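Below you'll find the structure, written out as structure tokens, and then a few comments.
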Amino acid sequence: MDLLLRRPERPDLDIIVDWMGDPEFRHFLFGDSEQRPQHMGQQMLGVMSSALALPMSSAGNLLLEDPALGTVGLVMLHEVSWRNRSCFLGLYLAPTHRTPEIISRAIETVFAYCFEELNLHRAAIRVDATQPDYGVACERIGAVREFVFPGHAMRDGKPVDVIGFGVLRVDFDARRAATAGA
Amino acid sequence: MISGKYTIIRSAEPDDAYAMWRLYDPSRPRSFLLGPSREVMIPTQDEMREMLARRDVIQGSFFAIEDRAGEVLGCCVLRGAKAESDFAEVVVALTDESSYDSPVADEVYEFLKKLGFVDKKLNKLVAHCLCNETGYRAFLVRHGFTSDGIQREMVYTKGRYFDLESLSLFNNARTGGGNGSAVAAP
């Protein structure tokens, strides 16, 4: 069953603040460097409000929710191009929900959102080589391992490879149709 | 200003706006035309002049390439080189496609290589090319860049999608070490 995607509400701020204790969430928000000119509160407000402008802008954040488990993570859509009809995805899952099953459902949900709601032609996600479960989940939905940037990101002071998985809508739809008909 | 055997490479100036603007030819899709969201962008001449007047943006990163007679042949760029990141994107945009297979282009590459690896102490240079930029790709490969992979149907222009290839060159590869590329070039 797909997870739900929704815009963050004000009460969600407590959950997002809790996630700030997780180094992976800080990396998700800030990238390799945590030295940002913006105050952390402003970053939070950015997370809360960015999806409002998604129909027009090139980035936005949405919360991932499971009907039984509650909020499990956050999806960042960035480099959204309405001309190319493409985007890149970032996916954060709270530590307690970082299981292969939820990762797989989350990946399927966010790619489906890109194609079935945003009407994109192509969507892609960059995954660290240290996150094999994410790569397996991507390949399960038919994503193609399109590129590997060797030593592109720093994790705990060490360079790690970044792997890019891309999905074309035509392939995603064909796979879904085949799965439904099976 | 760097005066070479075939070229003079100097910081681009507002007066270069028209010559630079001519490079933004929408009939010839090139990775050079892509903006941050990988969309083809065609600035006006005024926007070009305004951008070239911003010293904070172009200082040390955006260069005009002239031949020895003073004619502008194109530009080269070192995008995104910052102290906290150890890589930057190189762009070599020459008006004439056949120039990529010439000593002019080789001289530009030597300039960018020194700027990136020696002056800015970067670990990696990255570059991009669209699937139709065969001359530019051959130029990059000839200078040691290896393919990191191809993003399929990434750019839409001229009524069709183009694949976008990423290539990289590590400093240690330049000096004889491996770069660990995991995706074979097509």
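These protein sequence lines map, in sequence, to chains V and L. Once you know that position 126 of the first sequence is 126 in our numbering, the rest is easy, because the numbers rise by one and skip nothing. Once you know that position 43 of the second sequence is 225 in our numbering, the rest is easy, because the numbers rise by one and skip nothing. Built from N, CA and C at the ideal position, the CB exists for glycine as well. None of the values given here were measured: they were computed from a predicted structure.
- The way I'd put it, the region 64-77 of chain V does touch the region 15-35 of chain V; three or more beta-carbon pairs between them come closer than 8 Å.
- Bounds of the beta strand (DSSP E) holding V:Pro159 are 158-168.
- Approximately 5 Å separates the beta-carbon atoms of V:Val160 and V:Asp128; this is inside 8 Å, confirming the contact.
- The Cβ atoms of V:Val162 and V:Arg126 lie closer than 8 Å to each other.
- In this structure, L:Tyr291 sits near L:His325, with a CB-CB distance shorter than 8 Å.
- Interface with chain L (8 Å Cβ-Cβ cutoff): V:Glu139 is excluded.
- By the CB criterion at 8 Å, V:Asp133 and V:Pro100 fall inside the cutoff.
- Non-local C-beta neighbours of L:Cys257 in its own chain, meaning closer than 7 Å and more than five positions away in sequence, comprise Ala194, Met202, Leu205, Phe244, Phe245, Ala246, Ile247, Ala275, ordered along the chain.
- V:Ala112 sits in a helix when the DSSP states are folded into three classes.
- Taking a Cβ-Cβ cut-off of 7 Å, the neighbours of V:Arg83 in chain L comprise Glu221, Tyr338, given in sequence order.
- At least 8 Å separates the beta-carbon of L:Leu255 from that of L:Val272.
- Within the region 323-334 of chain L, contact with chain V at the beta-carbon level (separation under 8 Å) is assigned to Asp330, Gly331, Ile332, Gln333, Arg334.
- The three-state secondary structure of L:Asn353, taken from DSSP, is helix.
- Taking a 10 Å sphere around the C-beta of L:Thr189, we find 16 or more other C-beta atoms and assign the residue as buried.
- With respect to the C-alpha of L:Ser209, the residue from L:Asp197, L:Asn314, L:Ile184 having the closest C-alpha is L:Asn314.
- The C-alpha of L:Gly317 lies about 17 Å from the C-alpha of L:Ile332.
- Interface with chain L (8 Å Cβ-Cβ cutoff): V:Ala106 is excluded.
- In this structure, L:Arg220 sits away from V:Asn61, with a CB-CB distance that is not shorter than 8 Å.
- Under DSSP, L:Ser193 shares a beta bridge with L:Phe245.
- When C-beta distances to chain L are compared with 8 Å, the residues of the region 61-82 of chain V below that value are Glu79, Val80, Ser81, in chain order.
- Chain L places no beta carbon closer than 8 Å to that of V:Val136, leaving this residue out of the contacts.
- For V:Leu118, no CB of chain L lies under 8 Å from its own CB, so it is not counted at the interface with that chain.
- V:Glu9 sits away from V:Tyr92, with the two beta carbons spaced by 8 Å or more.
- Per DSSP, the unbroken alpha helix (DSSP H) holding L:Lys295 starts and ends at 285-295.
- L:Leu234 is not a Cβ neighbour of L:Asp268, given a cutoff of 8 Å.
- With respect to V:Asp2, V:Glu108 sits close: the two C-beta atoms are nearer than 8 Å.
- Each of L:Ala309, L:Val222, L:Gly252 was checked against the Cα of L:Gly341, and the nearest Cα belongs to L:Val222.
- Inclusion of V:Phe165 and V:Val136 in the CB contact set at 8 Å is not warranted, their separation being larger than that value.
- When secondary structure is reduced to three states using DSSP, L:Glu232 falls in the helix class.
- Using beta-carbon distances, L:Ser348 counts as an interface residue toward chain V, with a partner under 8 Å.
- Sorting L:Glu229, L:Ala263, L:Met336, L:Arg192 by C-alpha distance to the C-alpha of L:Val300 places L:Ala263 at the top.
- Contact check for L:Val286 against L:Ser350 fails: the beta carbons are separated by 8 Å or more.
- Where L:Met202 is concerned, the enclosing alpha helix (DSSP H) starts and stops at 199-203.
- For L:Gln227, the secondary structure class from DSSP, reduced to helix, strand or coil, is helix.
- For L:Tyr282, there is no enclosing alpha helix (DSSP H), since its DSSP letter is neither H nor E.
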